[in-house]
Amino acid sequence: MGGAAHAAQEVPQGVQELAEVVSARPVGAYTHLVLRAPEAARRARPGQFVACGTGDSGMLLRRSLSLHAADPEAGTLEVVVAAAGPGTRLLAAKRPGDVVSTTAPLGRPFPLPAEVGRPGAPAVVIGGGYGAAPLPWLARELVATGSRVVGIVGAAGADRLLGTSAVDEATALDGPDGPADALVVTTDDGSLGAPGRVTDALPEVLLELSELSDLGDPWVYACGPMPMLRSVQTTTREVLGQRAQTWLAVEESMACGVGVCMTCVLPVVAVDDDGARRTRMLRACTAGPVFDGDALRWDAIGAAEHLRGGALVPDDAVGAPVATGSTGGH
Amino acid sequence: MTIASVTTEDASATAVDLSTSIGSLHLPAPTMTASGCAAAGAELAPYLDLSELGAVVTKSVMRAARSGRATPRMAETPSGMLNSIGLQGPGVESFAAHDLPVLAAAGARVVASIAGGDPEEFGELAARLARESAVGALEVNISCPNVADRGLVFACDPGASRAVLEAVSEAVRASGRPDLPVLAKLSPDVTDLVAVARACTDGGATGLTAINTTLGMVVDPVTLRPQLAGVTGGTSGPAIRPIAVRCVWQLTAAKRAGVLPDVPVVGAGGVASGADALQLIAVGACAVQVGTATFADPSAPARVARELGAELARRGATRLADVVGIAHEPGRGLR
Numbered sequence: 016m017g018g019a020a021h022a023a024q025e026v027p028q029g030v031q032e033l034a035e036v037v038s039a040r041p042v043g044a045y046t047h048l049v050l051r052a053p054e055a056a057r058r059a060r061p062g063q064f065v066a067c068g069t070g071d072s073g074m075l076l077r078r079s080l081s082l083h084a085a086d087p088e089a090g091t092l093e094v095v096v097a098a099a100g101p102g103t104r105l106l107a108a109k110r111p112g113d114v115v116s117t118t119a120p121l122g123r124p125f126p127l128p129a130e131v132g133r134p135g136a137p138a139v140v141i142g143g144g145y146g147a148a149p150l151p152w153l154a155r156e157l158v159a160t161g162s163r164v165v166g167i168v169g170a171a172g173a174d175r176l177l178g179t180s181a182v183d184e185a186t187a188l189d190g191p192d193g194p195a196d197a198l199v200v201t202t203d204d205g206s207l208g209a210p211g212r213v214t215d216a217l218p219e220v221l222l223e224l225s226e227l228s229d230l231g232d233p234w235v236y237a238c239g240p241m242p243m244l245r246s247v248q249t250t251t252r253e254v255l256g257q258r259a260q261t262w263l264a265v266e267e268s269m270a271c272g273v274g275v276c277m278t279c280v281l282p283v284v285a286v287d288d289d290g291a292r293r294t295r296m297l298r299a300c301t302a303g304p305v306f307d308g309d310a311l312r313w314d315a316i317g318a319a320e321h322l323r324g325g326a327l328v329p330d331d332a333v334g335a336p337v338a339t340g341s342t343g344g345h
Numbered sequence: 032m033t034i035a036s037v038t039t040e041d042a043s044a045t046a047v048d049l050s051t052s053i054g055s056l057h058l059p060a061p062t063m064t065a066s067g068c069a070a071a072g073a074e075l076a077p078y079l080d081l082s083e084l085g086a087v088v089t090k091s092v093m094r095a096a097r098s099g100r101a102t103p104r105m106a107e108t109p110s111g112m113l114n115s116i117g118l119q120g121p122g123v124e125s126f127a128a129h130d131l132p133v134l135a136a137a138g139a140r141v142v143a144s145i146a147g148g149d150p151e152e153f154g155e156l157a158a159r160l161a162r163e164s165a166v167g168a169l170e171v172n173i174s175c176p177n178v179a180d181r182g183l184v185f186a187c188d189p190g191a192s193r194a195v196l197e198a199v200s201e202a203v204r205a206s207g208r209p210d211l212p213v214l215a216k217l218s219p220d221v222t223d224l225v226a227v228a229r230a231c232t233d234g235g236a237t238g239l240t241a242i243n244t245t246l247g248m249v250v251d252p253v254t255l256r257p258q259l260a261g262v263t264g265g266t267s268g269p270a271i272r273p274i275a276v277r278c279v280w281q282l283t284a285a286k287r288a289g290v291l292p293d294v295p296v297v298g299a300g301g302v303a304s305g306a307d308a309l310q311l312i313a314v315g316a317c318a319v320q321v322g323t324a325t326f327a328d329p330s331a332p333a334r335v336a337r338e339l340g341a342e343l344a345r346r347g348a349t350r351l352a353d354v355v356g357i358a359h360e361p362g363r364g365l366r
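Quick note, the sequences are listed as chains L and C, same order. Position one of the first sequence corresponds to residue 16 (the working numbering), numbered consecutively onward. Position one of the second sequence corresponds to residue 32 (the working numbering), numbered consecutively onward.
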């Protein structure tokens with residue numbers, strides 16, 4: 016089912032624009048930017064991202080940011096920027112009137128239950144830190160097609176939370192305009208909400224939603240750090256077995272965002288035309304960033320001890336290097 | 032006659048003839064995508080017109096499918112980046128069946144880049160792709176590891192480079208298309224670039240591309256270990272443009288001195304603007320490739336051509352040919 020939903024999507028094409036910053040304001044530890052990019056705003060769907068130039072000629076590579084919202088009438092895109100490195104620091108410091116070079120919308124959006132003939136399936140949307148950015152938009156679309164939506168957002172501490180009205184209403188899943196029917200907040204340090212991780216709160220939410228059995232099996236969406244995504248997948252399978260569809264939005268370092276540099280790959284299983292399941296290193300920017308949680312090779316992701324992030328190539332991947340062979344070349 | 036002064040007027044770029052040739056391959060514009068920076072072209076279609084580019088140089092293809100390396104595969108560097116992709120690709124049969132038809136349908140001219148672990152593989156790939164009418168030229172990626180020699184790249188050894196080009200040119204001669212241009216893509220990480228270039232032309236290369244990336248490394252500031260899974264990677268981007276300009280200068284000087292045959296030289300390395308392209312052309316390149324700049328701007332291969340036209344128009348040049356190699360000839364003016 017996962018593959019069919021993914022393949023059935025029509026994926027909008029990206030467009031380049033020079034986007035004027037309409038507004039920039041702090042949200043907890045992050046910066047909420049509104050950018051005027053009318054053509055991208057017309058095309059964008061939740062789960063997609065925008066590749067932004069830093070504006071610094073010495074920092075060539077674009078920074079890819081998950082879209083928080085798109086407003087076709089206003090002609091704007093919204094992002095929530097975490098200043099994690101030199102490029103995102105520049106973006107987080109943009110002010111109204113600055114111009115940001117954008118390529119958007121990129122990547123495949125979150126599939127919706129309605130797209131595979133299951134409108135109204137209950138949904139859990141889970142965000143870790145600034146990973147929560149696309150969730151309010153996703154939740155609005157889910158609600159519009161009849162789904163009950165429960166949100167879970169978590170972070171190391173209160174200042175790194177996103178998506179809760181306790182931190183900021185405009186970007187929240189809950190609150191007076193929030194689309195979620197309920198929201199659970201967790202923090203590792205207990206500074207807000209329940210102490211612990213999103214996956215501590217997840218089993219109860221899954222069981223509650225699955226007991227609304229007339230609405231079908233829940234759809235579980237998550238966006239956040241890779242270890243969190245893995246934990247969401249494991250927990251969901253532990254609690255509900257195969258009775259849930261998981262969609263995980265990964266964050267891979269990207270040089271181009273449009274599918275030509277081959278640096279954002281991760282090991283993913285897909286069913287080929289001959290019916291065989293094979294693993295390949297797929298681009299997060301074109302095959303993703305949203306993936307069926309069952310399709311990711313968790314045995315290889317994050318498995319390299321001394322590398323930050325990244326993934327090994329599983330030995331059984333198509334074209335994997337033979338043990339003693341050379342894997343070199345650029 | 033002196034070079035026309037550079038004016039600030041934006042003279043019509045359409046008046047400039049930007050066409051160029053690499054042997055039997057005629058290009059309406061002198062810009063191509065660089066191998067490894069455009070996949071098989073389709074991904075750039077939303078951002079530019081593939082049929083208006085001089086050519087699309089495709090990601091190096093090998094006999095069999097290759098997964099490529101573990102990640103991280105890239106690191107940003109000052110005005111550039113490192114990459115260590117590991118020649119990920121679907122293999123030549125899949126390339127011919129799926130990627131070439133898309134390019135042909137888009138009206139693109141195709142330079143197929145080939146890579147192998149030994150000369151035999153290169154020869155096989157050349158024979159296979161010479162049968163594809165959509166392929167307008169071959170580019171031989173000799174910056175890949177020679178399995179028979181401790182994994183050192185062919186391009187660092189004249190003898191190994193020559194053996195690869197011999198296998199390729201023999202396959203081309205035996206094919207139905209003996210005029211298929213064969214470009215050898217040179218690595219700058221050598222002591223004597225002209226010696227390697229000469230070995231390639233002796234082996235049958237009918238053109239040269241200079242340059243591929245230069246080997247570099249980044250230490251992850253958090254772990255204090257190599258940031259790339261492959262430890263080292265190819266450095267690219269504007270930071271290496273001066274190396275590219277120097278290499279094309281050296282190759283052209285060698286041609287002018289009769290040390291190298293008079294084969295076309297395609298310039299590559301850090302081209303991000305028409306002005307950059309003009310530098311490479313001035314030192315002898317008849318065409319340029321745009322690679323890493325595409326990551327920052329997916330329309331770059333098309334934009335560079337437009338900007339180059341404007342650069343030439345401002346100088347009163349009417350043809351690209353007017354400026355190719357002009358840096359070597361102080362007395363030569365623009366006609």
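From the three backbone atoms N, C-alpha and C, an ideal C-beta is built for every residue, glycine too.
{"Check": "Using 7 Å as the threshold, is the C-beta distance between residue 131/C and residue 163/C below it?", "Outcome": "yes"}
{"Check": "Taking only beta-carbon atoms, is residue 245/C less than 7 Å away from chain L?", "Outcome": "no"}
{"Check": "Give the secondary structure of residue 232/L by DSSP, where H, G and I count as helix, E and B as strand, and everything else as coil.", "Outcome": "coil"}
{"Check": "Could you please give me the residues that DSSP links to residue 262/L through a beta bridge?", "Outcome": "236/L and 307/L"}
{"Check": "Report yes or no: do the region 278-298 of chain C and the region 310-325 of chain C share at least 3 C-beta pairs separated by less than 8 Å?", "Outcome": "yes"}
{"Check": "Just checking my contact of residue 227/C with residue 176/C at CB under 8 Å: how many whole Å lie between their CB atoms?", "Outcome": "In fact, because the Cβ distance is near 16 Å, the residues do not count as touching under 8 Å."}
{"Check": "In whole angstroms, what separates the C-alpha of residue 147/C from that of residue 264/C?", "Outcome": "19 Å"}
{"Check": "What does residue 216/C pair with, by DSSP beta-bridge criteria?", "Outcome": "172/C and 240/C"}
{"Check": "Quick check on DSSP: helix, strand or coil for residue 63/C?", "Outcome": "strand"}
{"Check": "Please work out which residues of its chain come closer than 6 Å, Cβ to Cβ, to residue 347/L, disregarding the five sequence neighbours upstream and downstream, and give them in chain order.", "Outcome": "Residue 347/L is absent from the model: chain L starts at 16 and stops at 345."}
{"Check": "Mind listing which residues of the region 317-348 of chain C have their C-beta closer than 8 Å to chain L's C-betas, in chain order?", "Outcome": "323, 324, 325, 326, 327, 328, 329 and 330"}
{"Check": "Sorted by chain position, which residues of the same chain lie with C-beta nearer than 6 Å to residue 254/L's C-beta, five sequence neighbours on each side aside?", "Outcome": "218 and 221"}
{"Check": "Using a Cβ-Cβ distance under 7 Å, would residue 110/C count as near chain L?", "Outcome": "yes"}
{"Check": "Give me the residue from 78/C, 212/C, 55/C and 105/C with the minimum Cα distance to residue 262/C.", "Outcome": "105/C"}
{"Check": "Roughly how many whole angstroms lie between the Cα atoms of residue 223/C and residue 333/L?", "Outcome": "38 Å"}
{"Check": "Between the C-alpha atoms of residue 93/C and residue 52/C, what's the straight-line distance to the nearest angstrom?", "Outcome": "26 Å"}
{"Check": "Express the C-alpha separation of residue 342/C and residue 327/L in angstroms, rounding to a whole number.", "Outcome": "46 Å"}
{"Check": "Out of curiosity, what's the CA-to-CA distance linking residue 237/L and residue 312/L?", "Outcome": "17 Å"}
{"Check": "How long is the line joining the alpha carbons of residue 204/C and residue 158/C, rounded to whole angstroms?", "Outcome": "9 Å"}
{"Check": "Mind checking residue 78/L: buried by the 16 CB within 10 Å criterion, or exposed?", "Outcome": "buried"}
{"Check": "Could you check what DSSP says for residue 308/C in three-state terms: helix, strand or coil?", "Outcome": "helix"}
{"Check": "Residues of chain C with CB closer than 7 Å to the CB of residue 28/L, please, in chain order.", "Outcome": "77"}
{"Check": "Under the three-state reduction of DSSP, which class applies to residue 67/L: helix, strand or coil?", "Outcome": "strand"}
{"Check": "For residue 200/C, which of 168/C, 186/C and 178/C has the nearest alpha-carbon?", "Outcome": "168/C"}
{"Check": "Alpha helix (DSSP H) containing residue 101/L: first to last residue?", "Outcome": "101-107"}
{"Check": "In its own chain, which residues sit with a C-beta less than 7 Å from the C-beta of residue 220/C, not counting the 5 before and 5 after it?", "Outcome": "187, 245 and 246"}
{"Check": "Count the other C-beta atoms from every protein chain shown that fall within 10 angstroms of the C-beta of residue 152/C, then say buried if there are 16 or more, exposed otherwise.", "Outcome": "buried"}
{"Check": "Since residue 123/L meets chain C, which of its residues come closer than 9 Å, beta carbon to beta carbon?", "Outcome": "Neighbours of residue 123/L on chain C: none; closest Cβ ~14 Å, over 9 Å."}
{"Check": "Are the region 81-92 of chain C and the region 122-136 of chain C touching by the rule of at least three beta carbon pairs closer than 8 Å?", "Outcome": "yes"}
{"Check": "Which first and last residues belong to the beta strand (DSSP E) in which residue 75/C is found?", "Outcome": "Unbroken run through residue 75/C: none, as it is neither H nor E."}
{"Check": "Would a check of beta-carbon distances place residue 80/C closer than 7 Å to chain L?", "Outcome": "no"}
{"Check": "Exposed or buried, which one is residue 249/L when buried takes at least 16 other CB atoms within 10 Å?", "Outcome": "exposed"}
{"Check": "List, in order along the chain, the chain C residues whose C-beta lies closer than 7 Å to that of residue 321/L?", "Outcome": "254 and 256"}
{"Check": "Contact between the region 193-202 of chain L and the region 171-178 of chain L is defined here as three or more beta-carbon pairs at a separation below 8 Å; is this criterion met?", "Outcome": "yes"}
{"Check": "Taking CB distances under 7 Å as the criterion, tell me whether residue 16/L reaches chain C.", "Outcome": "Residue placement at residue 16/L is flagged as unreliable, the pLDDT there being 42, under the threshold of 50; the coordinate-derived value follows with that caveat. Chain C contact via Cβ: absent."}
{"Check": "Using a Cβ cut-off of 7 Å, pull out every chain L residue sitting near residue 95/C, in sequence order please.", "Outcome": "334"}
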